[in-house]
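Taking it in order: structure first as structure tokens, then the write-up.
In UniProt numbering, the protein residues as written are 1 to 256.
Okay, structure coming up:
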């Protein structure tokens with residue numbers, strides 16, 4: 001889908017937004033409230049723009065499932081938009097650590113969602129796929145619980161991008177995931193939160209494109225999540241996309 005078919009989504013994909021998000025990443029570990037609150041607002045605005053562009057309707061009155069909702073920063077954003085927000089999180093410690101409680105939180109596995117088929121109007125997952133061992137099983141489950149005509153929105157960090165190693169650094173993961181993990185542990189005296197092989201896995205841009213294009217669903221968007229709109233073309237260039245897309249967002253519409 002071209003920029004002309006995603007006018008609202010493209011309009012918000014500015015260089016200023018990209019720089020703002022990049023600047024916030026440095027606070028992920030030290031000031032998580034600041035980082036995740038900002039990201040939650042951007043996520044809601046992105047999903048609302050996509051839904052208006054594709055389904056020509058706001059989020060008001062919709063049922064939304066956040067697969068891997070973490071500490072729950074997105075709840076208020078979606079509730080303020082008039083949506084019914086459900087968060088699924090496998091790790092109860094994520095929410096407890098942040099001191100956050102939300103009414104509609106479910107503990108469960110993203111690769112085996114504890115919901116009925118066709119239950120939600122929007123099913124999304126933000127930066128979770130690279131943390132599960134079978135991400136495309138999770139994607140298939142997201143499609144299953146999505147209602148006909150609804151959107152599945154899955155974004156994830158690409159391993160060969162600069163942030164593929166997460167907090168282990170901008171270059172060490174290029175040497176290897178095990179090296180990056182062990183180097184971080186040696187420097188900081190403790191293992192990283194996102195530990196390669198356990199809670200962080202190598203995902204390529206190509207794998208996401210292959211999954212999207214082989215599902216029984218209409219591909220509505222394949223774009224770099226954090227890039228300005230004039231850089232969206234990077235997704236179409238093999239090999240280059242693995243290093244420069246950084247975070248791929250896949251948008252599928254389930255058949256009616």
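For each residue, glycine too, the CB sits at the ideal point set by N, CA and C.
From a predicted model like this one, the values you see are computed outputs, not experimental measurements.
Query	Result
In three-state DSSP terms, what is residue 257?	The structure shown does not extend to residue 257, since the chain is modelled only from 1 to 256, so the question has no answer here.
Does the distance from the CB of residue 120 to the CB of residue 59 come in under 7 angstroms?	no
My guess is that residue 118 and residue 148 are in contact by the Cβ rule of under 8 angstroms, so how many angstroms apart are they, rounded?	6 angstroms
Determine the direct distance from the alpha carbon of residue 206 to that of residue 238, and round the result to whole angstroms.	8 angstroms
Between the region 191-205 and the region 157-166, are three or more C-beta pairs nearer than 8 angstroms?	yes
Look at the alpha carbon of residue 176 and the alpha carbon of residue 185, and state the distance between them as a whole number of angstroms.	14 angstroms
From the DSSP output, in three-state form, read off residue 53 for me.	helix
In the DSSP assignment, find the unbroken alpha helix (DSSP H) run with residue 150 in it and report its ends.	First-last for residue 150: 146-157, but that is the beta strand (DSSP E), not the alpha helix (DSSP H).
Pull up the distance between the alpha-carbon of residue 231 and that of residue 221, whole angstroms please.	14 angstroms
Among 69, 187, 91 and 5, which one has its Cα closest to the Cα of residue 49?	5
Measuring straight from C-alpha to C-alpha, what distance separates residue 155 and residue 44?	13 angstroms
Contact defined as beta carbons within less than 8 angstroms: I believe residue 158 pairs with residue 204. What is the distance between those atoms, to the nearest angstrom?	7 angstroms
Got a sec, what are the start and stop residues for the beta strand (DSSP E) residue 221 sits in?	218-224
If I follow the unbroken alpha helix (DSSP H) through residue 132, where does it start and stop?	Looking at the DSSP string, residue 132 is not in any alpha helix (DSSP H), and its letter there is neither H nor E.
So the candidates are 21, 256 and 123; which of them puts its Cα closest to the Cα of residue 42?	21
Can residue 75 and residue 62 be called in contact, C-beta distance under 7 angstroms?	no
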